[in-house]
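Engineer: Sharing a structure below in structure tokens format, with a few things to ask.
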Amino acid sequence: MTTTEPRPTEPRATAPRVDAPPERADTLWHNTDFVRFWAGEGLSMFGSQVTNMALPLTAVIVFDASSEQVGLLRFAQMVPYLFLALAFGVWVDRGRRKPVMMLANGARLVLIASVPVLSHYHLLSIDELLLIAGVIGIFSVLFDVSWMSYVPTLVRSSRHYVDANQKLGVTQSTTDVAGPGAAGVLIGWLGPTTALLLDAVSYLASLTSLVSIRTVEPPAPPVERRSFGRELVEGVRWVFGHRVLRPLAMLAPFTNFSLTCISTLFLLYGLRAHHLSPAAIGLVFSASSIGALLGALLSKRLMRRCPVGPLYGCALACLYAAPLLIPLAGGPRPLIIALFILSLVLSYFGSGLSNVIQLSLRQTCTPTSMMGRMSAAFRTLLFGGGALGGLCAGLLGGALGLHAALVLVTVCSAAMLVPIALSPVVRLRAMPVPVDDVSPAVPAAPHTDTDPVIDPLTDKVAQS
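Okay, so the sequence shown: first residue is 5 according to the working numbering, each after it adds one.
Given below as structure tokens:
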């Protein structure tokens with residue numbers, strides 16, 4: 005019997021055609037432009053691990069920042085997603101993404117490099133650090149909205165979306181494993197501000213890889229120019245009017261709220277309650293990130309063998325429930341650290357697996373002409389939740405104490421298992437049918453409940 009799902013409200017069709025040099029198209033390993041992009045982003049991801057630790061540690065070690073100030077720093081990095089992602093999504097859908105990505109990486113290179121320079125001349129204060137973090141966040145919004153829309157152009161076929169997302173996810177997870185430990189050692193050796201120069205170099209590498217890409221992006225589809233506000237609203241309507249995207253979007257802010265709040269509190273809890281060194285904190289995050297690496301590595305195989313929806317639900321269960329072990333950890337220091345690692349390994353495994361699944365679902369369910377606005381809507385929700393998570397971590401840590409705040413946040417995180425179990429996404433049996441790159445102004449094709457579901461991993465109709 006053929007598994008049935010309603011298909012999206014846009015007609016089916018093919019992936020966008022791009023002007024590129026001849027390539028063997030059987031695997032992404034033969035797609036040199038994707039490999040260049042992948043390599044550049046891998047270096048940038050590694051450098052960003054230094055910044056993710058160095059900015060809050062600069063605040064704590066150099067300026068003796070309070071819990072509230074560390075939370076505010078996290079908030080400054082993520083709050084631009086709340087206010088700018090949707091607008092940037094409309095903008096990148098109107099033109100080519102590569103120049104926008106180059107601009108964003110160039111700006112972040114300069115901003116990151118300015119921290120050690122200002123520190124050297126004794127011009128850096130906590131206020132300047134907050135300002136720099138906020139401006140970096142603005143250009144991070146611009147880059148993130150663009151690259152998620154750019155990857156489908158590089159891979160050229162919807163059947164490679166899962167493979168591309170897995171490769172990028174494995175790379176992210178690998179840098180999550182190696183990055184925090186290396187960052188902790190480098191920060192201990194060079195100091196948190198000087199270590200940021202490594203991230204500046206990584207942005208230069210990413211910028212160079214973008215310059216070397218030869219694939220020419222196709223122009224935006226020729227559609228009637230509509231007002232900026234109308235296009236923005238169309239993106240939001242697309243996400244919240246879609247049977248698959250809507251429940252993904254509703255979970256998104258809670259996911260990042262939970263992760264950011266817990267990680268911010270854990271950093272402060274480890275430093276101040278258990279007196280762990282920056283190197284030890286980095287070691288915990290590195291060891292824990294093995295879970296994310298395994299989740300991303302196993303995602304493609306698991307998606308072949310398991311129904312997509314239940315697999316996604318299990319991944320989210322690990323992500324939300326595992327942090328309960330953090331405030332329960334007690335006893336000798338090695339046992340405490342082991343429980344920290346176990347908790348975060350399970351949570352990161354769920355994060356690595358669920359990221360590949362939900363990103364593949366989002367790309368499969370969205371035409372290229374809407375990709376920027378769809379990505380922007382999700383980035384707004386994800387990082388808006390993250391911004392509020394960082395802010396709440398600081399406020400709760402200051403008001404309740406770090407341990408009590410961790411108990412409250414991890415219990416609330418585990419309570420998310422109830423809406424996850426009720427979500428229609430966990431009932432999906434296979435990936436939905438890819439949609440065409442058409443304007444949302446084109447009348448929607450009527451959907452039926454008898455359309456076959458195509459698994460992009462096999463290009464076959466899913467059977468049950």
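Each residue gets a CB set at the ideal place from its N, CA and C atoms; glycine is no exception.
Taking the alpha carbon of I65 as the reference point, which residue from L287, E235 and S281 has its own alpha carbon closest?
Structural biologist: Of the listed residues, the one whose Cα sits closest to I65 is S281.
Engineer: Rounded to a whole number of angstroms, what is the C-alpha to C-alpha distance between L252 and F382?
Structural biologist: Distance between the alpha carbons of L252 and F382 is about 9 Å.
Engineer: Would you say the beta carbon of Y324 comes nearer than 7 Å to a heavy atom of the ligand GTP?
Structural biologist: The ligand GTP is not part of the structure shown, which contains no ligands of any sort.
Engineer: Please list, in chain order, all residues of the same chain as I424 whose beta carbon is under 8 Å from its beta carbon, the five residues on each side excluded.
Structural biologist: Result list for I424: L255, G317, L320, A321, Y324 and V430, in chain order.
Engineer: Is the stretch 234-243 touching the stretch 296-309, taking contact as three or more C-beta pairs under 8 Å?
Structural biologist: As far as the Cβ criterion goes, the stretch 234-243 does not touch the stretch 296-309, which means the pair count is below three.
Engineer: With distances taken between CB atoms, is the gap from G141 to Q81 smaller than 8 Å?
Structural biologist: Contact flag set, yes.
Engineer: Report yes or no: do three or more beta-carbon pairs, one from the stretch 66-73 and one from the stretch 129-137, lie closer than 8 Å?
Structural biologist: Yes: at least three Cβ pairs fall under 8 Å.
Engineer: Once you ignore the five residues that flank V149 on each side, which residues in its own chain have a CB closer than 7 Å to its CB?
Structural biologist: Within the same chain, V149 has close Cβ partners A89, F92, G93, V96, G376, S379, A380 and R383.
Engineer: Identify whether G335 lies in helix, strand or coil by the three-state DSSP scheme.
Structural biologist: It is coil, neither helix nor strand.
Engineer: Determine, using beta-carbon pairs with one atom in the stretch 34-51 and one in the stretch 206-214, whether at least three such pairs fall under 8 Å.
Structural biologist: As far as the Cβ criterion goes, the stretch 34-51 touches the stretch 206-214, which means the pair count is three or higher.
Engineer: Measuring CB to CB, does V312 end up less than 8 Å from R163?
Structural biologist: Contact: no.
Engineer: Given L47, which residues of its chain have a CB within under 7 Å of its CB, disregarding the five upstream and five downstream residues?
Structural biologist: Closer than 7 Å at the Cβ level, and outside the excluded window around L47, lie S206, A209 and S210.
Engineer: Can you tell me whether R276 is buried or exposed, with buried defined as 16 or more other CB within 10 angstroms of its CB?
Structural biologist: It is exposed - the Cβ of R276 has fewer than 16 other Cβ atoms within 10 Å.
Engineer: Please work out which residues of its chain come closer than 8 Å, Cβ to Cβ, to V215, disregarding the five sequence neighbours upstream and downstream, and give them in chain order.
Structural biologist: So the list reads M106, once near-sequence residues are dropped.
Engineer: Tell me the residue span of the alpha helix (DSSP H) that contains W95.
Structural biologist: Its alpha helix (DSSP H) spans residues S71 to D97.
Engineer: Helix, strand or coil: which one does DSSP assign to Y125?
Structural biologist: Looking at Y125 - three-state DSSP - the assignment turns out to be coil, as it is neither helix nor strand.
Engineer: Report the three-state DSSP secondary structure of D68 (helix, strand or coil).
Structural biologist: Correct three-state label for D68: coil.
Engineer: Quick check: the stretch 384-398 against the stretch 258-269, are at least 3 beta-carbon pairs closer than 8 Å?
Structural biologist: Result yes; three or more Cβ-Cβ pairs closer than 8 Å.
Engineer: Got a sec? Which residues, its chain only, sit under 7 Å from V74 by beta carbon, not counting five neighbours each side?
Structural biologist: Here the set comprises P60, A63, V64, T268, L272 and G398.
Engineer: Could you tell me whether the Cβ atoms of S144 and G401 are closer together than 8 Å?
Structural biologist: Taking 8 Å as the Cβ cut-off, S144 and G401 do not qualify as a contacting pair.
Engineer: In chain order, what residues of the same chain have a beta carbon less than 6 Å from the beta carbon of A108, not counting five sequence neighbours either side?
Structural biologist: Contacts found: F143, L146 and F147.
Engineer: Which class does M420 belong to by DSSP, given the choice of helix, strand or coil?
Structural biologist: Three-state DSSP puts M420 in coil, outside helix and strand.
Engineer: Taking the alpha-carbon positions, what's the S118 to Y125 distance?
Structural biologist: Computed Cα separation, rounded: 11 Å.
Engineer: Only counting the same chain, and skipping five residues up and downstream in sequence, which positions put a Cβ closer than 7 Å to that of I136?
Structural biologist: Only L115, S118 and V119 meet the Cβ criterion.
Engineer: In the DSSP assignment, find the unbroken alpha helix (DSSP H) run with C322 in it and report its ends.
Structural biologist: Start and end: V312 to A325.
Engineer: Are the beta-carbon atoms of A168 and M57 separated by less than 8 Å?
Structural biologist: Not closer than 8 Å, so no.
Engineer: Comparing C-alpha positions only, which one of S427, L386, Q367 and H407 sits nearest to P438?
Structural biologist: Measuring from the Cα of P438, the nearest candidate turns out to be Q367.
Engineer: Could you check what DSSP says for A434 in three-state terms: helix, strand or coil?
Structural biologist: Of the three classes helix, strand and coil, the one that applies to A434 here is coil, per DSSP.
Engineer: For a quick check, are the C-beta atoms of T179 and L386 less than 8 Å apart?
Structural biologist: Not in contact: T179 and L386 (Cβ atoms no closer than 8 Å).
Engineer: What are the boundary residues of the alpha helix (DSSP H) that L280 is part of?
Structural biologist: Looking at the DSSP string, L280 is not in any alpha helix (DSSP H), and its letter there is neither H nor E.
Engineer: Go through its chain and collect everything with a Cβ distance to A333's Cβ below 7 Å, but skip five positions before and after it.
Structural biologist: So the list reads I340, L343 and F344, once near-sequence residues are dropped.
Engineer: Counting C-beta neighbours from all protein chains within 10 Å, is the total for P327 16 or more, i.e. buried, or is it exposed?
Structural biologist: When all chains shown are included, P327 counts as buried.
Engineer: On the CB-based measure, 16 or more other CB atoms within 10 Å of its CB, does A29 come out buried or exposed?
Structural biologist: At A29, the pLDDT of 47 sits below 50, so the modelled position is not reliable and the matter cannot be decided from this model.
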